[in-house]
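Enquirer:
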Amino acid sequence: MIRERWTVLFLRGEASAVRQYSLPMRAVRPVLVSVGILAAALLTAAAFLFYDSGARVRAGLLARENSLLEQELEDLRGKVGDFETQMADLAEQDLQARLLAGRAGIDPDVFKMGVGGPGLAHPGEGELWSLDPAASEMAYAVRYDLGALERQASLLEKSFDETEAVMEERLDRLEAMPSIYPIGGPLSTLSSGFSASRFHPLHQVYRPHRGIDISAVYGTPIIASGPGVVTFAGTMKGYGRMVEIDHGFGVISRYAHASKLLVYRGKRVQRKELIALVGSSGSSEAPHLHFEIHENGQAVDPLKYMLPSTAPRLRR
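In the numbering used here, the protein residues as written are 13 to 328.
#1: Thinking C-alpha only, which one of Y267, A177, Q108 is nearest G238?
#2: To the nearest angstrom, how far is it from the Cα of V263 to the Cα of I234?
#3: Could you check how far apart the C-beta atoms of I226 and T201 are, in whole angstroms? I think they sit under 8 angstroms.
#4: In three-state terms, what does DSSP make of D258?
#5: Starting from P233, trace the beta strand (DSSP E) in both directions and tell me its first and last residue.
#6: Am I right that Y230 and V178 are in contact with their C-beta atoms under 8 angstroms? What's the rounded C-beta distance?
#7: Give every residue of the same chain whose Cβ lies closer than 7 angstroms to the Cβ of A228, excluding the five residues on either side of it in the sequence, and list them in chain order.
#8: Would I257 pass as a contact of S171 if the rule is Cβ separation under 8 angstroms?
#9: For A109, I'd like the list of residues in its chain whose CB is within less than 6 angstroms of its CB, leaving aside the five on either flank, ordered along the chain.
#10: What's the call for Q105, buried or exposed, on a 16-neighbour Cβ count within 10 Å?
#11: Just list the beta strand (DSSP E) runs in the region 276-320, keeping only unbroken ones of 3 residues or longer that don't cross its boundaries, in chain order.
#12: Looking at M99: is its Cβ nearer than 8 angstroms to the Cβ of A165?
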């Protein structure tokens, strides 16, 4: 029977330095098996170390990403704080505008919560919570604050629009109102004021005086106290020749005792436009202008409408 043997040669670089060993297969096989097992073990250990090293790298990268995410969320919270400060400034401006428009300010509790909106899921319900609870809590806080700011911005926008509409209406009213004295100059004098009871020099009785009297030279120009549409231009009992102007918003002005009328019914006039000349027509003793202002059908003191800088001299 032929026995299988392994022959091993060891060379030292010289032809004469060769050593030969002959081993039976039975002796070599355990050595080969041991070498195979050792190689497999080394490969397994190398693979594990490689995988563990990769996992450590991935874990380090994930930790860095989480750190950067948390830093970014902190920066966002800082910006949210800046927006909250700006929103508070806008709310103060809105309050001042509302007060100027005669409107009450927004209720602080209403503004604090905004005008309502969808609720946010609790941070523990999101996928981020399982990965990083701290980042999840921070993201929830940022979303909550941004939601409140968005609702507050919507509330302020609506408030500004409403206040702007009120202010525009008030501005339109101010621009339409009679505000300057119809006659002036060194020869004009405020001779009689608005009164609930005044002794009438012509009729010798006490009766309401529903306007003011301004004495002036016969023929002095009379101008419109404000813009509007002429609703009357003619003669009226007691008033003589008179012009009546509708300024809108329930306000009219009357210019009485004129010597000559220079406008007609339906004409649109501007502030300071010439409408008549001073005279003494109607119940009048001397040349003067009787000037009235009515609000919603009721006579009011014209002086509350007049700009002081346009006033004539007062009778001494």
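Glycine is no exception: its CB is placed at the ideal position from the N, C-alpha and C atoms. Treat the numbers as computed from the prediction; the structure is a model and nothing was measured.
Expert: This is what the structure holds:
#1: Its Cα nearest to that of G238, the residue Y267 stands out among Y267, A177, Q108.
#2: 19 angstroms
#3: 7 angstroms
#4: D258: strand per DSSP, three-state reduction.
#5: 233-235
#6: Not confirmed; about 45 angstroms, so no contact.
#7: I195, L199, S200, V290, P299, H300, L301
#8: At least 8 angstroms separates the beta-carbon of I257 from that of S171.
#9: T175
#10: exposed
#11: Runs of the beta strand (DSSP E) inside the region 276-320: 286-290, 300-307, 310-312.
#12: yes
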